[in-house]
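Student: Just so we're aligned, residue 377 is where the sequence shown starts under our numbering, counting upward by one.
Backbone N, C-alpha and C fix where the C-beta goes; we use that ideal spot for every residue, glycine too.
Since we're looking at a predicted model, the values are computed, not measured.
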Amino acid sequence: MMLRGSRSSSRGSWNNMSKDTLYGQGPHKSGVAGDLMTSRDNYLQRAAELNALAQVERDHADKLEFENLARAYLRLAKQAERNGHTNIAVSSIGAAQNERECPYIIEIAVPPNGLGPTLSAILDFHRDRKCSLRLGRSRRRDDQDYVRWCFASIAAANEFKKAFGGKLIFSLS
Numbered sequence: 377m378m379l380r381g382s383r384s385s386s387r388g389s390w391n392n393m394s395k396d397t398l399y400g401q402g403p404h405k406s407g408v409a410g411d412l413m414t415s416r417d418n419y420l421q422r423a424a425e426l427n428a429l430a431q432v433e434r435d436h437a438d439k440l441e442f443e444n445l446a447r448a449y450l451r452l453a454k455q456a457e458r459n460g461h462t463n464i465a466v467s468s469i470g471a472a473q474n475e476r477e478c479p480y481i482i483e484i485a486v487p488p489n490g491l492g493p494t495l496s497a498i499l500d501f502h503r504d505r506k507c508s509l510r511l512g513r514s515r516r517r518d519d520q521d522y523v524r525w526c527f528a529s530i531a532a533a534n535e536f537k538k539a540f541g542g543k544l545i546f547s548l549s
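In structure tokens form, the structure reads like this:
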């Protein structure tokens, strides 16, 4: 059942409000092990709950709000699904140890609104090269935040710097 106001787009059916999609049986189907629910499944469940609330709501403004929230949860579910397909090994060791083991560091100033799409591109950079993502110690200087990305080779660090800018630092710590 499609909610009023939802439309399919050429980008796909991420905004599809059918029961099959809401319950994970439609175009976004993926398996769930046992009773464990993934983030995607939790978002789909919440979208279904909001869709049900919208169906029984009598106030038009509230009904639209529930529908909008349900669509937002579907977008979150789609993003969680995409994130689940991104297999990036993020190092769980500490930032200082990352800097010792991967001494070629690129320090990037974080814009006031965050890294946004640049962060997605940085994750893709690591995934495409099958290298683990290693963060160094964050810094704050003169009201500016900096994040450090650590690399084992100078070649990888220079390639990263060419793609994303920043300053190359060699760490001896």
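With a Cβ-Cβ cutoff of 8 Å, do I498 and L544 count as a contact?
Tutor: Going by C-beta atoms, I498 is not nearer than 8 Å to L544.
Student: Identify which residue in D435, S496, I484 has its Cα closest to the Cα of A516.
Tutor: Reading off the sequence shown, one finds Arg at residue 516, where the question assumed Ala. Per the Cα distances, I484.
Student: Taking the alpha-carbon positions, what's the R510 to I530 distance?
Tutor: Spanning the two alpha carbons is a distance of roughly 14 Å.
Student: DSSP three-state call for E477: helix, strand or coil?
Tutor: DSSP places E477 in helix when its eight states are reduced to three.
Student: Quick one: residues in its chain with C-beta nearer than 6 Å to the C-beta of R387, no 5 flanking neighbours on either side, listed in chain order?
Tutor: Since pLDDT at R387 reaches only 41, below the 50 mark, its modelled position is unreliable, and the value read off the structure follows with that caveat. Closer than 6 Å at the Cβ level, and outside the excluded window around R387, lies no residue.
Student: For S496 and A528, what's the separation of their Cα atoms in angstroms?
Tutor: Near 21 Å, if we compare the C-alpha coordinates of A528 and S496.
Student: DSSP state of A485, grouped into three classes?
Tutor: A485 falls in the strand class under three-state DSSP.
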